[in-house]
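Notes to accompany the following structure.
Numbering (this note's numbering), first residue to last: 1 to 316.
Below, the structure is given as structure tokens:
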């Protein structure tokens, strides 16, 4: 089967899942139900695409198919911000904050953290990318510790507000922010597709990329900001999903078996959209909203992560 045919198969899969999600168990006001489900599908398209594309970009730059953008610490920044607001200003500040303000505040702090981290660490010429990842991981661990400490001190009633933010939920998305988020994701994707050939070369490794004429420092700096933007938007829109990108990116590698990023990015994005729609369909129809989607994704993703570690160890 050709690569284009594989992309077509994934498109059909996404369309079938979208139709099933839209039209199964229709009850009550049809106009309201279809509009609500349509908004959920739109959110899952944006989040699925952003999470998958950011992971493929990140793994290409790091030349490692096990690492994900969460190692930078953006998820930790998101949870720390929510916890600090509740700890110092009370849960009413968070609940009464408008969707637009909360989205801009959350995404802005994550992007600000990324800009400060990259600008500080890239100040020295020829800085190693793995050193940046190490610093990001250390800062992420530190922020998780601070977050846990503050959560122990918070009143249990107010902690429940934070607990709602700890798990990604399509049902708690900000519907009025879908189009602005979509345009930002589309702009980041368009910029990424302008550098497809450079990404193909980057997959060979840093030394080979430099020898083949790629301006490695420049392209890595810019693509890291694209990754930070995509992760910040998707996290601020529905919440953090830890292992999601790892699953869909590696599914795309196994399915397409190619180095060409025009297929890998499209394939991972379609896998991501299909996984979210299918997962949300199971959450609503099988579990009847008893568990958030992120819990299922993290369970499956954690098991898959262990499988990848065992597989890599046997390859050594």
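C-beta atoms are modelled at their ideal positions from N, C-alpha and C, and glycine is treated no differently.
At least 8 Å separates the beta-carbon of residue 22 from that of residue 48. Here residue 26 has 33 as same chain residues with Cβ atoms under 7 Å from its own Cβ, once five neighbours each way along the sequence are excluded. For residue 250, the enclosing alpha helix (DSSP H) has its first and last residue at 244-256. Straight through space, the alpha carbons of residue 208 and residue 299 are spaced by roughly 37 Å. Collapsing the DSSP output to three states places residue 21 in a helix. Residue burial annotation: residue 102 is buried, with at least 16 other C-beta atoms found within 10 angstroms of its C-beta. Linking residue 258 to residue 252 through their CA atoms gives a straight-line distance of about 9 Å. If you check the CB distance, residue 53 and residue 229 do not come in under 8 Å.
With contacts defined by Cβ atoms closer than 8 Å, residue 189 and residue 78 do not form a contacting pair.
Comparing alpha carbon positions, the residue from 297, 222 and 278 closest to residue 58 is 222. Under the rule that a run must span 4 or more residues, the alpha helix (DSSP H) segments found entirely inside the stretch 36-122 read 74-89, 91-96 and 99-121.
Contact between the stretch 190-199 and the stretch 62-78 is not established, with fewer than three Cβ pairs separated by less than 8 Å.
Close CB contacts of residue 143 within its chain, under the 7 Å cut and outside five residues either way in sequence, are with 73, 76, 77 and 80 (chain order). The way I'd put it, the stretch 146-156 doesn't touch the stretch 9-16; fewer than three beta-carbon pairs between them come closer than 8 Å. For residue 157, the number of other beta carbons within 10 angstroms of its own is below 16, and it is reported as exposed. In this structure residue 92 is exposed. Its beta-carbon is surrounded by fewer than 16 other beta-carbon atoms within 10 angstroms. In this structure, DSSP gives residue 31 a helical state, which the three-state scheme calls helix. Residue 155 sits in coil when the DSSP states are folded into three classes, being neither helix nor strand.
Boundaries of the alpha helix (DSSP H) around residue 232: 216-238. Taking C-alpha positions only, residue 255 is separated from residue 304 by approximately 16 Å. In the three-state reduction of the DSSP assignment, residue 145 falls in the helix class.
DSSP places residue 259 in the coil class of the three-state scheme, outside both helix and strand. The Cβ neighbour count for residue 100, taken over all protein chains shown within 10 Å, is under 16; the residue is labelled exposed. Following the DSSP letters along the chain, one finds residue 199 inside the alpha helix (DSSP H) bounded by residues 196-202.
Short of 6 Å from the beta carbon of residue 283, and not among the five residues preceding or following it, lie these beta carbons of its own chain, in chain order: 293.
Within the stretch 257-306, the runs of alpha helix (DSSP H) that reach at least 4 residues and sit entirely inside it are, in chain order, 261-285. Contact between the stretch 211-219 and the stretch 103-112 is absent, with fewer than three C-beta pairs closer than 8 Å. Excluding five sequence positions before and after residue 261, the CB atoms of its chain that fall closer than 8 Å to its own CB belong to 56, 60, 196, 199, 200 and 203, given in chain order. In this structure, the straight-line span from the alpha carbon of residue 155 to that of residue 163 is close to 12 Å.
Distance check between residue 247 and each of 6, 83 and 51 places 51 closest, using alpha-carbon atoms only. Setting aside the 5 residues that flank it on each side, residue 176 is surrounded in the same chain by 99 and 100, each with a C-beta closer than 8 Å to its C-beta; the list follows chain order.
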